[in-house]
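Here's the structure we're looking at; comments come further down.
In my numbering, the protein residues as written are 2 to 508.
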């Protein structure tokens, strides 16, 4: 096998490993949230979520952008081991300084967000922020070393599983929200230690000095990473703002109730992440060749199938949102139905817009994405400040929806202006129309049935199958879809020939 073919195979295998790890991690994370909400009161659960949010924001700032810089800098530096050690040293130092200052003002922070009675919980999560930052950097080191398996096992599986187990044990033992915080923070700390040990054993083939900071290397690494942090962190911070402002303007119970709607609706985005992740290499290759017509064909095909996969779940979230919230999280969370409808609609429209950011990245428009992120951040900030005091958690949902709409308008316009690519076609509208008609029939026929989780789950599976079958039989599979499957079959270590043959029968 040639060196190029070997590299392509390694990258493709790594992509599959990362995707599987991400799906497992999302499942464990979602299960952790559900059990926390069921075992704690909405107020206690909200305080827990605020603590997690504060820890996440502090870790994000403490990384100095190195999470994005390290995997890109390692392959181009003559001493990748020194890069890894320097990144860890810088992260630990900056995080400790940041955390020390935050702990000094923990009482004021708790008073503004969660209430003084939850100050100890906030302190626990603040103290865990350096460990989370180190874990993120270790994940970046594994990525730079092309060790997708270790990254997936540690960052997605061990991390999420440890949080799930220790949190449930702590709450089950009767230690309440503070015990849950200690369990969560302990899981992060343990995983970070394991990650550093594995970095030393697998990603550092050379012996390096841990106690001495290479200032020249540190300066170069930080200057390389800070611009990358600006591009990625603004978007990540935007997704944390609503939680912090709900905690500031409302109550911790409001945070908990809003979070239930947020995480349930975000399940809609799984298909976007998966399709975007797997097909970014295809976009990149076509972008390098300036093959905009082929990119447009691939873009429309991806968007169409994301809609097919997603629309049944969206309709169920909108149509049975109150029953889902009450059954999954508890009766107290039924008041999140309004935000759930707004957020579900928001994320579905995000799906309908297609993987526009991935396409812009493929044609080298990363600077524009940064500017769009900054504009969206300001819009979200202003709307949260205005709407949450006026209409509560529904205002937070509307602010998020408006921010996503702003982002999609800016990014999609730029993509169309530069390449002529857009997601809209009859093939994209067809599955939506089919699903709405079938959902109307299902909803009318089940009005006399009590909507429990087993019934809703069975109905969703049946509805998903009916929508897919109706669309496929109606000629939904096009030649472009078969060509796209062929490209994936060439790039991924998954045998898709059977799927391709089946698709040809219905095309």
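Using N, Cα and C, we set each Cβ at its ideal position, and we do this for glycine too.
The residue from 92, 21, 241 and 290 with its alpha-carbon nearest to that of residue 54 is 241.
With respect to the 8 Å criterion, residue 326 and residue 58 are not classified as neighbours on the basis of their beta carbons.
Note that the C-beta distance between residue 394 and residue 259 is below 8 Å. Residue 337 has its alpha-carbon roughly 7 Å from the corresponding atom of residue 261. When secondary structure is reduced to three states using DSSP, residue 148 falls in the coil class, being assigned neither helix nor strand. By the criterion of at least three beta-carbon pairs nearer than 8 Å, the segment 410-419 is in contact with the segment 369-379. Take the alpha-carbon of residue 144 and the one of residue 193: they are about 16 Å apart.
In this structure, 131 is the residue among 154, 234 and 131 with its C-alpha nearest to the C-alpha of residue 187. Residue burial is scored here from C-beta neighbours: residue 438 has fewer than 16 other C-beta atoms within 10 angstroms and is therefore classed as exposed. An exposed status is given to residue 459, since fewer than 16 other beta-carbon atoms sit within 10 Å of its beta-carbon. Under the 10 Å beta carbon count, residue 374 is surrounded by 16 or more other beta carbons and is classified as buried.
Using a Cβ-Cβ distance cut-off of 8 Å, the segment 297-310 and the segment 383-397 are not in contact, since fewer than three pairs of beta carbons, one from each stretch, lie closer than that value. Taking a cut-off of 8 Å on C-beta distances, the segment 88-95 does not touch the segment 160-177, as fewer than three cross pairs fall below it. Look at residue 356 here: in three-state DSSP terms it is coil, with no helix or strand label. Shown here, residue 385 sits in a helix according to DSSP, grouped into three states.
Close CB contacts of residue 422 within its chain, under the 8 Å cut and outside five residues either way in sequence, are with 293, 296, 297, 300, 360 and 416 (chain order).
In the structure shown, residue 137 adopts helical secondary structure according to DSSP, grouped into three states. By the C-beta density criterion, residue 106 is exposed, having fewer than 16 other C-beta atoms within 10 angstroms. The three-state reading of DSSP puts residue 424 in coil, since its state is none of H, G, I, E or B. Beyond the five residues adjoining it in sequence on each side, residue 159 comes within less than 8 Å, by CB distance, of 192 and 195 in the same chain, given in chain order. Annotation: the continuous alpha helix (DSSP H) that includes residue 108 extends over 107-114.
Rounded to the nearest angstrom, the Cβ distance from residue 345 to residue 309 is 17 Å, too far for a contact under 8 Å. A straight-line Cα-Cα distance of about 7 Å links residue 356 and residue 273. Taking all protein chains shown into account, residue 152 has 16 or more neighbouring C-beta atoms within 10 Å of its C-beta and is therefore buried.
In the three-state scheme derived from DSSP, where H, G and I count as helix and E and B as strand, residue 176 is classed as coil.
Counting along the chain, residue 309 sits inside the alpha helix (DSSP H) bounded by residues 293-320. Take residue 307, set aside five residues on each side of it, and the residues of its chain with a beta-carbon closer than 7 Å to its own are 272, 273, 276 and 352, in chain order. A distance below 8 Å separates the beta carbons of residue 115 and residue 48. Around residue 135, the same chain offers 89, 92, 93, 96, 193, 196 and 197 as residues with beta carbons nearer than 8 Å, after the five sequence neighbours per side are excluded.
If you look at residue 261, you'll find it in the alpha helix (DSSP H) that goes 253-266.
DSSP places residue 55 in the uninterrupted alpha helix (DSSP H) bounded by 43-63. Classified as exposed, residue 118 has fewer than 16 neighbouring CB atoms from the shown chains inside 10 Å of its CB. Distance check between residue 182 and each of 354, 45 and 150 places 45 closest, using alpha-carbon atoms only. Nearest Cα to residue 199 within the set 453, 141 and 388: 141.
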